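Residue numbers (our numbering), protein chains in the order written: chain W, 30 to 242; chain Z, 30 to 242; chain S, 30 to 242; chain L, 30 to 242.
Every residue, glycine too, gets a C-beta built ideally from N, C-alpha and C.
The structure presented is a predicted model; accordingly, all values stated were derived computationally and were not measured.
As structure tokens, the structure follows; a few thoughts come after it.
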DNA sequence: CATGAATGAGGGTTCATTCAT
DNA sequence: AATGAATGAACCCTCATTCAT
């Protein structure tokens with residue numbers, strides 16, 4: 030049994046070792062320049078060994094994506110736990126997403142890798158990963174919105190849909206960052222993001238705004 | 030002069046010829062399966078010739094992107110010309126974008142190709158293209174918003190920022206379509222899009238909404 | 030002793046277990062897609078264990094070949110036992126071979142695996158196997174021919190040589206089945222087989238035929 | 030036009046160059062050890078260049094097979110032209126086949142490569158090759174048989190079927206050469222071949238034989 | 001006896017780009 | 001202006017075999 034445990038922990042160690050290598054490659058070379066042999070080299074492992082733990086390159090990318098989403102999730106969850114009004118919470122979450130995209134650009138790239146791919150390569154297993162990570166983020170946002178509706182910070186709306194809308198909109202704005210030197214040259218991207226986030230939060234208040242008038 | 034003109038028109042003819050080939054490849058094989066030799070074959074031209082008119086594969090993609098954006102622009106402009114209230118106009122534009130992404134998925138893929146790429150490879154020339162196409166779409170939306178503000182359909186806001194926000198948000202929602210069978214399985218993507226569009230339009234009305242209460 | 034016997038039977042059990050796995054792989058994936066790890070998985074054994082009982086992949090194939098040959102042998106032997114004239118017997122054997130190749134294509138593939146390989150890798154051990162199986166089939170045919178000669182159904186000839194010739198010819202015809210859609214497109218392969226079999230049997234009768242004239 | 034001609038001849042030159050490399054590899058390393066990069070090296074060409082002239086490794090093998098069959102065909106045709114009785118001709122052809130398999134074992138291996146493969150990978154184009162080469166050999170044999178029937182050297186029979194039977198049988202006997210040290214250890218393979226060839230020729234004479242009795 | 005993780009050379013194939021003609 | 005043959009590094013992935021545990 031000691032053996033079995035050691036085996037398990039060693040297996041996890043290898044998994045980490047490979048993921049470490051992959052992460053190193055990701056951070057140093059960017060997602061477009063990751064090769065399996067490169068990962069193997071960084072991980073100080075044979076190529077075949079990599080394939081013993083991962084079925085394909087895509088699966089490694091998925092794991093990396095999972096890492097990124099998990100990191101984002103934890104960040105958001107910490108905010109979610111704070112004793113703060115719902116509208117403030119959403120704003121903090123939005124800001125956290127912005128920070129995340131900046132500070133972990135590579136993770137953001139990996140997440141986009143799957144989002145942007147014109148192929149659909151989610152095997153049932155990978156699907157679960159996405160459900161467990163990406164989905165959980167949406168759930169968290171939904172909860173914040175529901176809380177806000179419960180304490181009348183927000184007007185009544187479809188929390189599930191708004192959560193997706195909220196995240197998608199912020200993602201869309203982040204995505205356009207590429208254009209900050211071209212189509213958006215006239216404006217400051219960060220300002221646009223802040224503006225968008227405000228709109229998204231304000232949109233939830235609905236009638237509230239009026240009563241302030 | 031006659032010579033010079035002929036030269037120019039011949040050059041344009043070749044350009045079109047190549048783009049025709051590239052478009053054919055795009056529509057028949059998808060963006061992930063376009064090769065220079067494939068384009069050359071479809072264009073009935075030598076590979077070398079392609080390189081005489083385009084510096085790289087990316088430049089061809091940019092031209093294709095330009096096509097797509099131009100198509101989208103014209104669609105939006107037609108809506109823009111209609112004698113319709115601004116809020117209605119924005120809704121129509123949003124719907125047109127949805128239709129565009131569906132009916133011209135390949136063009137949408139090309140547009141995303143640059144947006145999603147982790148590289149930044151906009152030469153000054155390509156920058157102009159984006160300004161002329163992507164930027165113009167944003168301008169159009171901005172105008173609609175300004176119109177709406179002028180006739181008090183919309184509350185006062187930063188039209189330029191809102192235009193970006195509007196488009197980015199819709200783009201973000203479209204982008205998440207990939208997840209409709211995973212993270213979004215519980216919901217219908219189209220419903221989310223419609224919902225989002227409504228929110229975006231409503232967000233412009235601001236106090237207006239209240240007065241209706 | 031009891032221990033020794035148990036040892037032996039356990040060893041045999043493992044052997045069978047492995048062969049079962051290999052056979053499953055053969056039948057489900059075809060000879061070109063058999064991997065040691067696949068066999069191990071089907072056999073619910075570790076890869077290393079396989080190598081404890083078999084020296085190489087080839088040795089497993091040889092065992093599988095042995096199975097096939099043995100099956101063919103038993104089929105032929107059953108015919109051999111029947112109270113039937115020798116010429117009829119040979120015909121039945123030929124037909125049985127045809128049926129065998131069809132119904133047990135995978136076994137036939139394995140047998141061909143060694144026959145077609147440009148390498149010569151028969152260790153003395155494998156040699157014995159072949160002697161015990163392939164050789165026995167030839168012996169059986171030889172016996173039928175000798176019987177036929179004894180009762181004057183067949184003309185005198187070198188029974189040993191004719192047995193090889195008989196089997197080799199049928200094998201050769203079966204082998205050309207691959208060409209039934211190309212070089213042999215004009216003809217029906219089964220008809221050719223039947224024709225060949227008739228010739229081979231008739232060839233044994235020699236003068237007999239004449240007396241019928 | 031001089032240019033066009035040169036182009037064509039250069040193309041042929043490259044084709045030959047590649048095939049030379051492939052043949053060298055075949056003869057020196059055997060069919061199981063031919064790699065594309067190996068061919069490229071022997072041909073003093075880049076790997077990509079090989080793929081410019083051949084679509085796949087299999088296509089090169091097919092070309093090599095074609096070479097072998099062509100060589101065999103020419104050998105047989107020379108015999109076919111000789112002013113010799115049909116039965117003698119067939120015998121000579123059979124002997125030539127034996128010699129061919131010995132002297133050009135590698136070519137024989139390549140031919141078997143396709144015959145033995147459990148896959149069916151004859152694209153329509155490759156099919157033509159086989160028709161043009163393998164088929165032509167059968168045609169030649171058929172002609173000899175028809176000649177023999179015409180001049181009453183042979184009894185009446187289905188020449189087309191017999192031709193296939195004749196070749197297939199000899200091929201089958203050659204195929205069993207692998208077993209000469211195992212199942213056939215008691216006999217001499219060459220003797221068996223000679224014996225078989227005699228039978229095959231004799232089989233065509235039918236009644237003739239009797240009249241000699 | 002049994003395990004299964006580790007190996008790594010080797011496989012076939014692709015393709016953007018160049019350049020001599 | 002047009003060609004298209006040539007490149008070759010890079011790609012992902014397979015698998016029989018070994019050996020420390």
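Judged by DSSP in its simplified three-state form, residue 166 (chain L) adopts helix. In terms of CA proximity to residue 79 (chain W), W:50 leads the group W:115, W:219 and W:50. In this structure residue 222 (chain W) touches residue 127 (chain W) by the C-beta definition: roughly 6 Å separates them, less than 8 Å. For residue 216 (chain S), the closest Cβ of chain L is nearer than 8 Å. Cβ proximity to chain Z below 7 Å picks out 59, 60 and 61 from the segment 53-65 of chain W. For residue 119 (chain S), the uninterrupted alpha helix (DSSP H) run begins and ends at 115-132, by DSSP. About 17 Å separates the beta carbon of residue 174 (chain Z) from that of residue 102 (chain Z), a gap too long to meet the 8 Å contact definition.
When 7 Å is used as the limit between beta carbons, residue 221 (chain Z) is near these residues of chain W: 190, 193 and 194, in chain order. Taking the beta carbon of residue 40 (chain L) as reference, no residue of chain S falls within 8 Å; the closest one sits roughly 27 Å away. If you check the CB distance, residue 200 (chain L) and residue 204 (chain S) come in under 8 Å.
Note on the segment 180-223 of chain Z: whole alpha helix (DSSP H) runs with a minimum of 4 residues are 188-204, in chain order.
By the Cβ criterion, the segment 104-113 of chain Z is not in contact with the segment 103-119 of chain W, since fewer than three pairs of Cβ atoms, one from each stretch, lie closer than 8 Å. Each residue's CA atom was taken as its position, placing residue 194 (chain W) and residue 233 (chain W) some 11 Å apart.
For residue 51 (chain S), the closest Cβ of chain L is not nearer than 8 Å. Interface annotation for the segment 97-115 of chain S against chain L: empty, criterion Cβ-Cβ distance under 9 Å.
For residue 111 (chain L), no alpha helix (DSSP H) run applies, since DSSP gives it neither H nor E.
DSSP places residue 81 (chain L) inside the alpha helix (DSSP H), whose first and last residues are 76-82.
Considering only beta carbons, the part of the segment 198-215 of chain L lying closer than 9 Å to chain S consists of 198, 199, 200, 201, 202, 203, 204, 205, 207, 208, 210, 211, 212, 213, 214 and 215, in chain order. Taking all protein chains in view, the Cβ of residue 75 (chain L) is surrounded by fewer than 16 other Cβ atoms within 10 Å, so the residue is classified as exposed. At a beta-carbon threshold of 8 Å, the residues of chain Z lying near residue 163 (chain W) are 208, 211 and 212, ordered along the chain.
Distance from the Cα of residue 91 (chain L) is smallest, within the candidate group L:69, L:60, L:133 and L:220, for L:60. Interface residue (Cβ-Cβ distance to chain W less than 8 Å): residue 94 (chain Z) is not classified as such. Excluding its 5 nearest sequence neighbours in each direction, residue 48 (chain S) has C-beta neighbours in its own chain below 8 Å: 89, 92, 93 and 96, listed in chain order. For residue 186 (chain L), the closest of S:227, S:71 and S:64 by C-alpha to C-alpha distance is S:227. Neighbours of residue 167 (chain L) in chain S, taken as residues at a C-beta separation under 7 Å, are given in chain order as 212.
For a cut-off of 8 Å, the C-beta gap from residue 99 (chain L) to residue 162 (chain L) is around 6 Å, short enough to register as a contact. The residue among W:115, W:144 and W:170 with its C-alpha nearest the C-alpha of residue 189 (chain W) is W:170. C-alpha of residue 121 (chain S) to C-alpha of residue 143 (chain S): approximately 26 Å in a straight line.
Interface residue (Cβ-Cβ distance to chain S less than 8 Å): residue 37 (chain L) is not classified as such. Sorting Z:140, Z:116 and Z:146 by C-alpha distance to the C-alpha of residue 229 (chain Z) places Z:116 at the top. In the same chain as residue 67 (chain L), and ignoring 5 residues on each side of it, the C-beta atoms closer than 6 Å to its own belong to 54, in chain order. In this structure, DSSP gives residue 63 (chain L) a state outside helix and strand, which the three-state scheme calls coil.
Here residue 123 (chain L) is actually not in contact with residue 212 (chain S); their C-beta atoms are around 19 Å apart, not less than 8 Å. With a threshold of 8 Å between beta carbons, residue 91 (chain W) makes no contact with chain Z.
Between residue 46 (chain S) and residue 69 (chain S), the C-beta spacing is not below 8 Å.
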